[in-house]
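Below is one structure, written out as structure tokens, with a few remarks after it.
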Amino acid sequence: MTFVPGLLKGRVAFVAGGTSGINLGIASALGEYGARVAVFSRNAERVEGAQRLLAAGGVDAMGYVGDVREYASIERAMGACAEWAGGIDIVVSGAAGNFLCPANELSANGFRTVVDIDLNGTFNVLRSAYPHLRRPGASIINISAPQATEVYFAQVHVSAAKAGVDMLTRSLASEWGHEGIRVNAIVPGPILDTEGMARLAASEEIREAWLQANPMRRFGTAREVANLALFLCSDAASYVNGAIIHCDGGQVLGGGRDFSSSWAALKK
Ligand code: HXC
Ligand code: NAP
């Protein structure tokens with residue numbers, strides 16, 4: 001237990017892409033602290049599985065099947081969630097797609113697909129949530145990625161999409177702040193046991209290099225990302241708006257530019 005029990009009692013959370021990995025970790029944590037939680041994704045079995053897992057942990061949970069790329073489907077789910085729970089207080093937009101592919105081999109549809117899920121999908125989630133948000137006090141958390149600000153090989157589609165997510169975060173924080181709707185983003189670093197990591201770190205060698213480039217010399221956990229989400233959607237963050245916060249052990253500081261071994265050699 002990290003926060004005060006019942007921190008989110010009475011709140012309702014909608015977690016887009018909340019049926020696996022980091023987003024499911026966030027959904028579980030929100031539920032653990034008292035929120036009623038709805039999860040949303042494409043795969044009906046996953047939705048059912050996540051809903052069951054949440055319920056087994058004592059969470060009042062609901063699941064909706066749909067695709068963030070299709071406005072009608074997310075709009076329908078958001079409306080159903082608001083009806084189920086009497087409104088929505090917390091929205092997490094974390095649905096995403098990724099694969100490694102250098103730009104010269106990436107098809108136009110491959111690029112469009114990732115931008116559609118991550119960026120257009122995030123707009124769809126936020127836009128469809130807007131009429132149902134209880135305000136003041138509503139909190140939106142977008143899940144960004146380090147690719148938004150750092151260049152990674154074979155990640156042009158993700159970089160373009162997540163850079164857009166960062167600007168959506170800032171723009172809507174600015175437009176909706178006066179209504180009492182806060183919009184922030186979390187930038188997870190490399191998180192253990194996730195689909196995202198599995199897709200990017202294809203071998204033990206790559207994982208090791210990644211590990212050494214991190215100032216804390218370890219990967220993060222979904223729970224650590226969830227702890228930041230808990231803070232951001234709680235009243236403790238009532239004046240935090242438009243912030244894009246890394247949860248990455250300091251990876252963004254630039255492990256690749258770490259000259260500590262040269263320094264050690266010079267000192268000998
Ligand atoms: C090149 C690829 C590809 C690959 C798909 N495409 N996979 N191109 N390399 N490995 C191309 C296809 O050829 C097609 O283009 C287009 O993308 C759409 O492919 P579909 O399979 O029809 O798409 P869809 O069924 O909508 O699936 C979306 C997906 C899929 C993104 C391709 O992988 C998915 O559903 N992913 C969700 C889970 C996920 O990715 N999780 C990781 C998130 S991690 P053509 O031209 O052939 O029609 C993350 C950041 C992690 O986001 C950061 C870690 C630090
Ligand atoms: P994940 O387990 O693959 O989670 C992605 C989720 O999004 C799944 O629940 C998936 O379920 C859903 N989804 C995908 N496309 C969708 C669509 N079109 N419509 C609705 N739902 C969709 O990935 P993860 O690695 O935990 O990543 C979660 C988030 O963290 C992503 O936003 C990612 O960019 C970000 N991130 C991850 C890392 C990392 O280390 N893993 C690092 C930085 C940022 P369905 O398949 O059922 O649709």
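Take the sequence shown: its position 227, counted from the start at 1, is 227 in our numbering, and no numbers get skipped.
Just so it is clear, CB atoms sit at the ideal spot from N, CA and C, and this is done for glycine as well.
Beta-carbon gap between residue i and residue j smaller than 8 Å
{"i": "residue 23", "j": "residue 12", "result": "no"}
{"i": "residue 91", "j": "residue 26", "result": "no"}
{"i": "residue 186", "j": "residue 144", "result": "yes"}
{"i": "residue 194", "j": "residue 21", "result": "yes"}
{"i": "residue 119", "j": "residue 164", "result": "yes"}
{"i": "residue 154", "j": "residue 102", "result": "yes"}
{"i": "residue 124", "j": "residue 74", "result": "yes"}
Residue i CB to nearest heavy atom of the ligand NAP below 7 Å
{"i": "residue 167", "result": "no"}
{"i": "residue 213", "result": "no"}
{"i": "residue 208", "result": "no"}
{"i": "residue 128", "result": "no"}
{"i": "residue 159", "result": "no"}
{"i": "residue 218", "result": "no"}
{"i": "residue 111", "result": "no"}
{"i": "residue 19", "result": "yes"}
{"i": "residue 43", "result": "yes"}
{"i": "residue 141", "result": "no"}
{"i": "residue 68", "result": "yes"}
Own chain residues within Cβ distance below 7 Å of residue i, not counting five before or after
{"i": "residue 216", "result": "249 and 250"}
{"i": "residue 170", "result": "242"}
{"i": "residue 95", "result": "16, 17, 41, 68, 117 and 121"}
{"i": "residue 177", "result": "241"}
Residue i CB to nearest heavy atom of the ligand HXC below 7 Å
{"i": "residue 26", "result": "no"}
{"i": "residue 23", "result": "no"}
{"i": "residue 171", "result": "no"}
{"i": "residue 102", "result": "no"}
{"i": "residue 98", "result": "yes"}
{"i": "residue 117", "result": "yes"}
Beta-carbon proximity list for residue i, same chain, < 8 Å, skipping 5 on both sides
{"i": "residue 201", "result": "190, 207 and 210"}
{"i": "residue 240", "result": "182, 184 and 232"}
{"i": "residue 132", "result": "78, 79, 81, 82, 87 and 88"}
{"i": "residue 43", "result": "19 and 65"}
{"i": "residue 129", "result": "14, 78, 88, 91 and 140"}
Other residues of its chain near residue i: CB distance less than 6 Å, five sequence neighbours each side excluded
{"i": "residue 19", "result": "39, 41, 46, 47 and 50"}
{"i": "residue 84", "result": "62"}
{"i": "residue 138", "result": "89 and 181"}
{"i": "residue 31", "result": "37, 54 and 59"}
Expected contact under 8 Å - CB spacing of residue i and residue j to nearest Å
{"i": "residue 226", "j": "residue 29", "result": "4 Å"}
{"i": "residue 115", "j": "residue 161", "result": "5 Å"}
{"i": "residue 199", "j": "residue 100", "result": "7 Å"}
{"i": "residue 158", "j": "residue 98", "result": "5 Å"}
{"i": "residue 6", "j": "residue 33", "result": "7 Å"}
{"i": "residue 151", "j": "residue 106", "result": "Not really, about 15 Å apart at Cβ, beyond 8 Å."}
Closer than 8 Å to chain B by CB, residue i
{"i": "residue 208", "result": "Among the chains of the structure shown, chain B does not appear; only one protein chain is present."}
Sheet register partners of residue i (DSSP bridge)
{"i": "residue 92", "result": "15 and 141"}
{"i": "residue 62", "result": "38"}
{"i": "residue 133", "result": "88"}
{"i": "residue 220", "result": "191"}
{"i": "residue 184", "result": "141"}
{"i": "residue 246", "result": "187"}
The ligand MG heavy atom lying under 7 Å from the CB of residue i
{"i": "residue 188", "result": "This structure lacks the ligand MG; its bound ligands are the ligand HXC and the ligand NAP."}
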